[in-house]
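S.K.:
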Amino acid sequence: MKINKLILSFISAVAILLSTSVVSFAKVVGDKIVLGAAISLTGKYSSNGVHTQNGYNMAVDRINSMGGVKVGGKTYKFEIIYYDDESNPKRAAQLAERLISQDGVEFMLGPYSSGLTKAIAPVTEKYGVPMVEANGASRSLFTKGYKYLFAVLAPANLYLDVAIDLAVEKNNGKPVTVAMAFEQDAFSQDVRLGVLDAIERTGSKKVIDDKLPKELNDMAATLVKVKQMKPDVLVVSGHTKGALTAIRQIAEMKVDVPMLAMTHCDAAKLSKQHGKNSQYALCASQWHKTLTYKDNFFKDGMKYAADFQKEFGYDPPYQSAESSAALLVFKDAFERANSFDKKKVRDALAATNMQTFYGNIKFAPGGQNVDKPMVLFQVMCDGSGKCENKVVAPTKWASAKLIHPIPKWSER
Amino acid sequence: MNKNAIIYGVILVFGLVAPFVFPAFKVQLSILCVLIILATTWNIQGGEMGYNTFGNILFYGLGMYLCASVQVGMFFPLAEWTESGGEKTFVHTPTQFFQGMAAGLVVAAVVPTLIAGIIGYAILGLRGHYFAICTLGLGVAAGEISGGIEIIGAGQGFTTPPFPNVGGLEARGEFFYFLSFGALVLTFLAVRAIYSTRFKLILNAIRDNEDKAEAMGIETMKYKIIGWMVSAFFCGLAGGIMGGLVGYIDSTDVAFDGREMGVFMVLMAILGGKGTLWGPVIGATVFHIFKEGFWTFFLGWQYVALGVLIVVIVIYFPEGIMGWLREKYPERFGEVVDEADRKAQVELK
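Protein sequence lines, in the order shown, are assigned to chains H and W. Going by the working numbering, the first sequence opens with residue 75, and the numbers climb by one from there. Going by the working numbering, the second sequence opens with residue 234, and the numbers climb by one from there.
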């Protein structure tokens with residue numbers, strides 16, 4: 075069997091290829107601290123992946139240009155190795171493994187979305203690599219006992235329960251009827267659980283509870299039901315595509331509903347893409363530029379938004395802001411740990427208690443940020459058709475009054 | 234024959250030392266083993282039997298969910314484990330983890346086999362494109378259905394039990410590597426043994442002319458079903474291992490991943506040469522190396538590069554690498570070549 079010879083030579087070729095392609099970085103090379111990140115540059119989360127990456131890059135540039143990170147009397151600069159995870163959990167887990175075992179990364183930044191963070195967390199945990207993530211909000215991430223996972227954002231179940239409370243309040247404290255449509259993914263399903271809790275708490279009633287497919291681009295069936303059932307609140311969550319689809323079809327089908335609560339409005343650039351059609355949509359957000367938090371690097375939200383606009387040409391969605399904040403947290407932890415020992419950095423992260431332009435950051439034992447509430451904003455347009463997101467709740471930061479109920483399409 | 238034994242020995246030794254020689258590539262090597270299993274088992278239908286199935290991903294995904302469910306369910310209430318808002322944390326002891334994994338893998342292999350038997354009985358009467366489309370639907374449907382079942386996490390996904398705190402940092406990688414390599418050896422030996430029996434000839438007869446095979450008294454349906462059950466057994470096993478390796482099961486992106494794994498297994502078998510024993514093995518290896526290379530060196534263009542690779546395969550290697558080699562060096566495949574005849578053919582051209 076001569077064929078075996080071929081196979082043998084083939085295998086040796088593979089062996090040579092593999093052995094020559096081993097590249098080994100250390101976590102700290104010269105004056106650089108190398109962080110690793112798997113980001114969705116392609117696939118269904120690609121637009122939010124880019125928001126995340128822009129946020130990371132913005133903070134890296136800012137921190138490096140303002141003196142870098144001081145550890146042990148020496149100054150270091152941040153550098154990030156990126157890989158594209160294609161919005162696929164399997165790929166993300168593989169890449170985390172690759173960043174740690176091949177590229178020698180010892181500190182990780184999170185990917186975009188809860189699902190991908192869920193896939194990466196077991197890997198970073200096994201290797202004891204601290205990961206500060208800014209885009210995995212699913213509550214179940216924080217109940218697995220992970221010790222090396224830190225999230226700068228508030229958990230997903232808190233996104234829209236405020237909206238239900240608000241609707242009840244507007245209904246003179248009486249229970250409301252709620253229609254729900256959520257994408258089948260880790261994040262949106264967790265938002266749903268939060269809404270269910272709120273419904274139960276307020277004695278409200280759910281009249282529609284639909285699951286939407288991934289790669290969401292049609293929810294007409296749900297909207298037909300909404301037209302029939304006339305609920306007081308319609309809640310939709312499905313990342314960027316969910317927000318865009320909902321607004322597009324609600325306008326097309328002229329669906330009248332007193333309150334429309336969503337997620338990801340700013341990431342989807344709703345007010346820009348759909349203009350007046352997106353008016354009155356109520357959106358959950360981790361951050362808004364008008365909030366009055368401050369830090370030394372980005373000053374405050376308004377300054378951050380202006381700088382971001384200059385650099386990338388669009389208004390920063392909260393996904394970018396929270397990603398930038400992750401770098402600030404890392405810098406702070408490195409300096410307090412005054413070491414690159416993973417365990418020490420992890421302990422320093424756990425003890426984080428700081429304010430950034432994005433909000434206060436303090437981690438619970440589970441790793442979630444417990445010191446930063448969510449805000450709700452509403453898309454509001456002026457006569458000329460220029461639309462803006464204005465914070466309407468909680469009252470501490472509200473810059474406008476909630477418009478409720480949403481005017482009927484026939485009256486607009 | 235002697236030479237054969239040496240080759241197998243060399244590959245076995247390579248497989249056993251690989252994780253220590255290339256410690257950084259353990260995960261890629263484990264995935265390679267899984268890919269080879271998938272390509273090899275797809276080849277039983279697509280290559281030997283002539284039934285292009287896209288449905289094998291169903292067994293792979295089933296295996297994944299079953300293995301993880303058994304591993305959790307043996308020791309803890311499954312519903313509480315997958316419940317998103319649950320405040321409780323469950324930790325497997327090492328013994329629980331390995332016992333659960335062992336039991337899980339058995340279930341992950343056996344149940345898909347039975348399901349393949351039932352589904353096969355229902356749909357293996359279809360032929361050609363009809364069969365292909367029908368199986369394509371199976372994977373898609375399974376993904377959507379599993380995404381709605383709360384007890385296995387529905388859209389939230391299913392986090393498989395984390396590897397227990399035993400051994401060093403590398404223990405997890407080594408465990409999953411040897412598990413997948415073991416499964417690969419088992420699959421290869423089983424398929425090789427099957428291919429040396431009359432069973433393979435029957436499959437080939439079905440591929441070449443099913444009606445004639447039937448007319449000759451072969452119960453084609455029976456053999457088609459058995460063939461699919463064999464595939465399902467190893468696909469389920471591979472899925473179970475992959476679930477533990479990835480650590481997180483998502484209904485459409487990880488388990489019933491027809492868009493990637495489901496297509497890749499077909500592609501790998503075709504690249505290597507379908508209808509041969511070694512073709513899928515070579516195809517999967519080449520494919521995996523190219524893929525990882527593209528993902529490293531052409532980041533941002535990886536799918537374009539992969540697309541070009543597929544086009545090149547189809548145009549220049551329509552019969553796959555093995556087919557191409559066979560045409561080029563027929564004598565090495567034990568074919569008797571009549572030199573005069575060969576020359577005459579060349580002159581004709």
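The C-beta atom is built at its ideal place from N, Cα and C for all residues, glycine as well.
1. Kindly list, in the order they appear in chain W, the residues whose Cβ is closer than 9 Å to that of LEU115/H.
2. Cα separation between LEU318/H and ASP177/H?
3. Give the DSSP-derived three-state secondary structure of GLU493/W in the structure shown.
4. Pick out whichever of ILE435/H, PRO481/H and GLY457/H has its Cα sitting closest to the Cα of VAL226/H.
5. How about the segment 341-354 of chain H and the segment 260-269 of chain H: do they share at least three Cβ pairs that are nearer than 8 Å?
6. With 9 Å set as the bound, which would you pick, yes or no: does the beta-carbon of ASP259/H sit closer than that to a beta-carbon of chain W?
7. Since GLY512/W contacts ALA502/W with CB under 8 Å, what's their CB separation in whole angstroms?
8. Hey, quick one: how far does the alpha helix (DSSP H) through LYS433/W stretch, first residue to last?
9. Note down the Cα distance separating GLU403/W from THR198/H, rounded to an integer number of angstroms.
10. Work out the CA separation of MET454/W and ILE548/W for me, nearest whole Å.
11. Determine the DSSP secondary structure at GLN258/H, reduced to helix, strand or coil.
12. Just the C-alpha distance for ALA251/W and LYS259/W, rounded to the nearest angstrom, thanks.
13. Between which two residues does the alpha helix (DSSP H) carrying LYS416/H extend?
14. Looking at chain H, is there any beta carbon in it that lies within less than 9 Å of the beta carbon of GLU552/W?
15. Comparing alpha-carbon positions, which option in MET555/W, ILE277/W, MET494/W and PHE530/W lies nearest GLY372/W?
16. Between the alpha carbons of ASP441/W and MET297/W, how many angstroms are there, rounded?
17. Do LYS244/H and PRO479/H come within 9 Å of each other at the CB atom, strictly closer than that value?
18. Return the residues of the segment 404-428 of chain W that lie within a Cβ-Cβ distance of less than 8 Å from chain H, sorted by chain order.
19. How would you list, in chain order, the residues of chain H whose beta-carbon sits under 8 Å from the beta-carbon of ILE264/W?
20. Cutting at 8 Å between CB atoms, please list the residues of its own chain near TRP423/W, excluding the five before and the five after it.
21. Are the C-beta of VAL344/W and some C-beta of chain H separated by less than 9 Å?
22. Establish whether the CB of PRO163/H and some CB of chain W are separated by less than 9 Å.
23. Can you round the beta-carbon distance between ILE194/H and ALA112/H to whole angstroms, since I take them to be within the 8 Å contact cut?
24. Who does THR251/H pair with in a DSSP beta bridge?
25. For GLU257/H and LEU286/H, which I take to be in contact (beta-carbon distance under 8 Å), what is that distance rounded to the nearest angstrom?
26. Sorted by chain position, which residues of the same chain lie with C-beta nearer than 6 Å to GLN127/H's C-beta, five sequence neighbours on each side aside?
27. Going by beta-carbon coordinates alone, are THR337/H and SER262/H separated by less than 9 Å?
28. If the cut is a Cβ gap below 9 Å, which residues of chain W does LYS192/H touch?
29. Any C-beta of chain H sitting closer than 9 Å to the C-beta of PRO395/W?
30. How is the beta strand (DSSP E) around ALA379/H delimited, first residue to last?
31. With H, G and I counted as helix, E and B as strand and the rest as coil, what does DSSP make of THR392/W?
32. Would the segment 327-342 of chain W count as touching the segment 446-460 of chain W if we require 3 or more Cβ pairs under 8 Å?
33. Name the chain W residues whose beta carbon is nearer than 7 Å to that of GLU385/H?
34. If you draw a straight line from the C-alpha of LYS304/H to the C-alpha of VAL331/H, how long is it?
35. For chain H, is any of its Cβ atoms less than 9 Å away from the one on PRO256/W?
36. Taking its Cβ as the centre, do 16 or more other Cβ atoms sit within 10 Å of SER98/H, making it buried, or is it exposed?
M.R.: The short version:
1. Working through the first sequence from its first residue, we reach residue 115/H at position 41. Under the 9 Å cutoff, chain W gives LEU532 and GLY533.
2. In the first sequence, counting from the first residue as 1, residue 318/H sits at position 244. In the first sequence, counting from the first residue as 1, residue 177/H sits at position 103. Taking the straight line joining both Cα atoms gives about 38 Å.
3. The residue you call residue 493/W lines up with position 260 of the second sequence. In the three-state reduction of the DSSP assignment, GLU493/W falls in the helix class, which pools H, G and I.
4. Along the first sequence, one-based indexing puts residue 226/H at 152. The option with the nearest alpha carbon to VAL226/H is ILE435/H.
5. Verdict: no, contact absent.
6. Residue numbering aside, residue 259/H sits at position 185 when the first sequence is read from its first letter. Taking Cβ atoms only, chain W reaches closer than 9 Å to ASP259/H, which makes this a yes.
7. As a working mapping, residue 512/W is identified with position 279 in the second sequence. As a working mapping, residue 502/W is identified with position 269 in the second sequence. GLY512/W to ALA502/W, Cβ: 7 Å. Contact.
8. Locating residue 433/W in the second sequence gives position 200, where the first residue counts as 1. Start and end: 431-441.
9. Walking along the second sequence from the start, residue 403/W turns up at place 170. Walking along the first sequence from the start, residue 198/H turns up at place 124. Straight across, the Cα-Cα distance linking GLU403/W with THR198/H is about 13 Å.
10. Residue numbering aside, residue 548/W sits at position 315 when the second sequence is read from its first letter. Residue numbering aside, residue 454/W sits at position 221 when the second sequence is read from its first letter. ILE548/W and MET454/W: Cα-Cα distance of roughly 34 Å.
11. Position 184 of the first sequence, counting from 1, holds the residue named residue 258/H. In the displayed model, GLN258/H falls within coil according to three-state DSSP, outside both helix and strand.
12. What you label residue 251/W is simply residue 18 of the second sequence in a count that begins at 1. What you label residue 259/W is simply residue 26 of the second sequence in a count that begins at 1. Each residue's alpha carbon lies about 8 Å from the other.
13. Position 342 of the first sequence, counted from the first residue, corresponds to residue 416/H. Residue range 416-424 is occupied by the alpha helix (DSSP H) that includes LYS416/H.
14. To locate residue 552/W, count along the second sequence from 1; it is residue 319. With respect to chain H, the C-beta atom of GLU552/W has no partner C-beta closer than 9 Å.
15. Within the second sequence, residue 372/W is the residue found at index 139, counting from 1. Minimum Cα distance to GLY372/W is reached at MET494/W.
16. Within the second sequence, the letter at position 208 stands for residue 441/W. Within the second sequence, the letter at position 64 stands for residue 297/W. Roughly 34 Å between the two C-alpha positions.
17. Sequence index remark: in the first sequence, residue 479/H carries index 405 (1-based). Sequence index remark: in the first sequence, residue 244/H carries index 170 (1-based). Yes, Cβ-Cβ distance for PRO479/H and LYS244/H is below 9 Å.
18. From the segment 404-428 of chain W, only ARG405 and GLY406 have a Cβ closer than 8 Å to chain H.
19. In the second sequence, residue 264/W corresponds to position 31, counting from 1. Around ILE264/W, the beta-carbon contacts reaching into chain H at under 8 Å are GLN168.
20. Stepping through the second sequence from its first residue, residue 423/W is reached at position 190. The amino acid occupying residue 423/W in the given sequence is Ala; Trp does not appear at that position. Short of 8 Å from the beta carbon of ALA423/W, and not among the five residues preceding or following it, lie these beta carbons of its own chain, in chain order: VAL463 and PHE467.
21. Here residue 344/W refers to the residue found at position 111 when the second sequence is read from its first residue. Not one chain H Cβ lies under 9 Å of VAL344/W.
22. In the first sequence, counting from the first residue as 1, residue 163/H sits at position 89. Yes, its Cβ sits closer than 9 Å to a Cβ of chain W.
23. Here residue 194/H refers to the residue found at position 120 when the first sequence is read from its first residue. Here residue 112/H refers to the residue found at position 38 when the first sequence is read from its first residue. Contact between ILE194/H and ALA112/H holds, since their C-beta atoms are separated by about 7 Å, short of 8 Å.
24. Counting from one through the first sequence, the residue named residue 251/H turns up at place 177. Residue pairing by DSSP puts THR251/H in a beta bridge opposite LYS279/H.
25. Stepping through the first sequence from its first residue, residue 257/H is reached at position 183. Stepping through the first sequence from its first residue, residue 286/H is reached at position 212. Going by Cβ atoms, the distance from GLU257/H to LEU286/H rounds to 5 Å, so yes, they are a contact pair.
26. Your numbering for residue 127/H matches position 53 in the first sequence. Within the same chain, GLN127/H has close Cβ partners ILE113.
27. Position 263 of the first sequence, counted from the first residue, corresponds to residue 337/H. Position 188 of the first sequence, counted from the first residue, corresponds to residue 262/H. Contact: yes.
28. Residue mapping note: residue 192/H aligns to position 118 of the first sequence, counting from 1. Within chain W, the residues near LYS192/H are GLN389, GLY390, THR392, GLY480, TYR481 and ASP483.
29. Your numbering for residue 395/W matches position 162 in the second sequence. Output row for PRO395/W: interface = yes.
30. On the first sequence, position 305 is the one that residue 379/H refers to. From DSSP, ALA379/H is part of no beta strand (DSSP E) but of the alpha helix (DSSP H) over 375-386.
31. Taking the first residue of the second sequence as 1, we reach residue 392/W at position 159. Correct three-state label for THR392/W: strand.
32. The segment 327-342 of chain W, when compared against the segment 446-460 of chain W, does not touch it at the 8 Å Cβ threshold.
33. Numbered from its first residue, the first sequence carries residue 385/H at position 311. For the C-beta of GLU385/H, not a single chain W residue is nearer than 7 Å; the gap to the nearest is close to 20 Å.
34. Numbered from its first residue, the first sequence carries residue 304/H at position 230. Numbered from its first residue, the first sequence carries residue 331/H at position 257. If you draw a straight line from the Cα of LYS304/H to the Cα of VAL331/H, it is about 7 Å long.
35. The residue you call residue 256/W lines up with position 23 of the second sequence. Output row for PRO256/W: interface = yes.
36. For this step, residue 98/H is matched to residue 24 along the first sequence. At SER98/H the pLDDT is 43, less than 50, meaning the model places this residue with poor confidence and gives no usable figure here.
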